[in-house]
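Working notes, structure below.
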Amino acid sequence: MSTSNHKGTSRRRLLTRGGLFVATAALPTAWLASSASADELAAMATVDMEMVVLAAQVDPRKAGTGITPGCGPHVTPVEQRLNARGLLNSAQVDGHFGTSTISAYSAYQKQLGYSGLDANGMPGPSSLAKLGEGGHYTVTRPISPGSRNGSYGGKRTNTRTVNMLAAADARLSWNLTLTQGSYTSSNPGSAGTHDGGGVVDISVSGLSTAQRWQTVRELRRVGFAAWLRTPDQGFAYHIHAVAISDPDLSSAAQPQVHDYYFGKNGLANHAADNTPSEYRVAFTWYEKYKRG
C-alpha cells in the first residue's frame, strides 16, 4: 500500500544548470546563493512536517534507501542541518529518513535537553523548527500530539488521538470502546506499542463480523493503521489502532506504520494484512483526512 502526494512535489523548486533541471534540496547553499534571489531561496526553504514524519515512520524498515513518494524534498533539508551539526554523514543526506537519520535526529533532540519520547528520533514541531533556525528552512503543516493527558472513554490518549477517535466514532452508528489506551506499559502482550502515544486497543464485543470490519475501515479512513486482531493470531478479538504520523509513537509502534503502508499486518511475522479488500481504504493520516 503506498501513497503519492503531489502537494509535496509542487513545492520542490527546480533550477537549470547546463541545461539540466537540478533539485534545489541537493545543491550547496553557496551555489544557490549565486543562482537565485533571496525571495526565491525563501520560497524553496520550506519543510512539510507531515512529509518528514511520514518518512521517519516508513523509511527505517525498508530493505534499501528508497525515498517515500513526496517526502524527499522535505527530508533532505533536515538531513543537511543534521550533517552541519556533525550528527549525520554526508553520504546519508539523501532524502531517505532511515535508521541513521533517526539516530542523528535523536542525538539532536538530546542536545536540546530532551529525553524519553521527546528524544525518540521522531521530529516534533518544536525541534524541527529549531533545527531550521537561521534561515535554513521554515516548517509548514506542523503536527502536534497535543496534551499527553487526554482521555477517551476513560483511557489515556493524547489530544490528537482523541480527535481522531471522535472523528471515527462519528462515522459509525455504534460507539467505540477502548480497552487499552496510550502511554502505558501495563500489558506485556502489547510488546511496547502502547508505551508512547497514538496507540489504542478497541473492543469489538457485541459487534457482528461486518461491524468489526466496518470499524476497522472507519478508523483507517481518519488516519489510523488499524487491524482486527483474531484468535488465529494469538489474540482475543479486538482492534489495534496506531495513529499514523503521531510524533509520540514508541519505537515498537513506529514499524507498524511501515507495515500498514506496505499492506502488512503490523505483527512480528509481517504477514499480509488480513483485512478484506472491501474494507481497505487509501493510505492517509489525520491532517490529510481533515483537508478532505
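Numbering (mature numbering (1 follows the signal peptide of the UniProt record, and there is no 0)), first residue to last: -38 to -1, 1 to 254. For every residue, glycine included, the Cβ atom is placed at its ideal position computed from N, Cα and C. All of these numbers come straight from a predicted model, not from anything done at the bench.
Beta-carbon proximity check, residue i vs residue j, cutoff 7 Å
i	j	result
proline 209	proline 107	yes
leucine 181	alanine 205	no
proline 85	proline 104	no
arginine 43	leucine 93	yes
histidine 220	arginine 23	yes
glutamate 41	leucine 49	no
aspartate 157	serine 212	yes
Nearest to residue i (by Cα), restricted to the options the options
i	options	result
glycine 83	Thr121, Ile64 and Phe186	Ile64
serine 207	Phe186, Gln142 and His36	Phe186
proline 39	Ser109, Val9, His220 and Arg47	Val9
lysine 252	Phe245, His220 and Ala129	Ala129
threonine 246	Asn227, Asn231, Ser239 and Tyr223	Tyr223
methionine 126	Val161, Ala17 and Ser213	Val161
alanine 17	Ala25, Ala7, Cys33 and Asn111	Cys33
serine 239	Gln19, Gly196 and Gln176	Gln176
alanine 188	Ala198, Asn227 and Ser152	Asn227
glycine 28	Ala7, Asp56 and Arg47	Asp56
alanine 244	Asp194, Pro193 and Arg183	Arg183
glutamate 95	Arg242, Ala7 and Pro193	Ala7
alanine 234	Arg242, Tyr241 and Gly225	Gly225
Same chain, Cβ closer than 6 Å to residue i, five either side skipped, listed in chain order
i	result
leucine 229	none
alanine -3	Note that alanine -3 has pLDDT 38, beneath the 50 cutoff, so the model's placement of it is unreliable and the number below is only indicative. If we look at alanine -3 and ignore the five residues flanking it on each side, it has no Cβ neighbours.
leucine 190	Arg174, Val178 and Ile201
aspartate 163	Thr141, Gln142, His200 and His202
glutamine 19	Gln216 and Val219
leucine 79	Gly158 and Asp210
glutamine 54	Ser62
glycine 151	none
arginine 133	Glu180
Neighbourhood of residue i by C-beta, 7 Å cutoff - its chain only, sequence neighbours within 5 removed
i	result
aspartate 21	Thr30, His58, Phe59 and Gly60
glycine -20	Unreliable positioning characterises glycine -20 in this predicted model, as indicated by a pLDDT of 30, which lies under 50. A coordinate reading is not provided.
phenylalanine 197	Arg191
serine 109	Asn120 and Thr121
asparagine 137	Asp131
glycine 26	none
glutamine 195	Leu229
Integer Cβ distance of residue i from residue j, believed to fall under 8 Å
i	j	result
valine 178	threonine 237	6 Å
serine 113	threonine 139	Serine 113 to threonine 139, Cβ: 13 Å. No contact.
glycine 159	serine 148	Not quite, the Cβ-Cβ distance comes to about 15 Å (not below 8 Å), so this is no contact.
valine 37	valine 14	6 Å
threonine 146	alanine 215	That pair is no contact at about 12 Å.
Sequence-distant residues of the same chain with beta carbon closer than 8 Å to residue i, five excluded per side
i	result
glutamate 249	Glu12, Arg103, Ile105, Gly185 and Ser207
serine 52	Asn45
leucine 74	Ser89 and Lys92
glycine 116	Leu140
alanine 153	Ala214 and Ala230
alanine 81	Ser68, Gln71 and Lys72
### Task
Determine, using beta-carbon pairs with one atom in the stretch 96 to 106 and one in the stretch 69 to 84, whether at least three such pairs fall under 8 Å.
no
Evaluate the contact criterion for the stretch 164 to 174 versus the stretch 114 to 121: three or more CB pairs, one atom per stretch, below 8 Å. no
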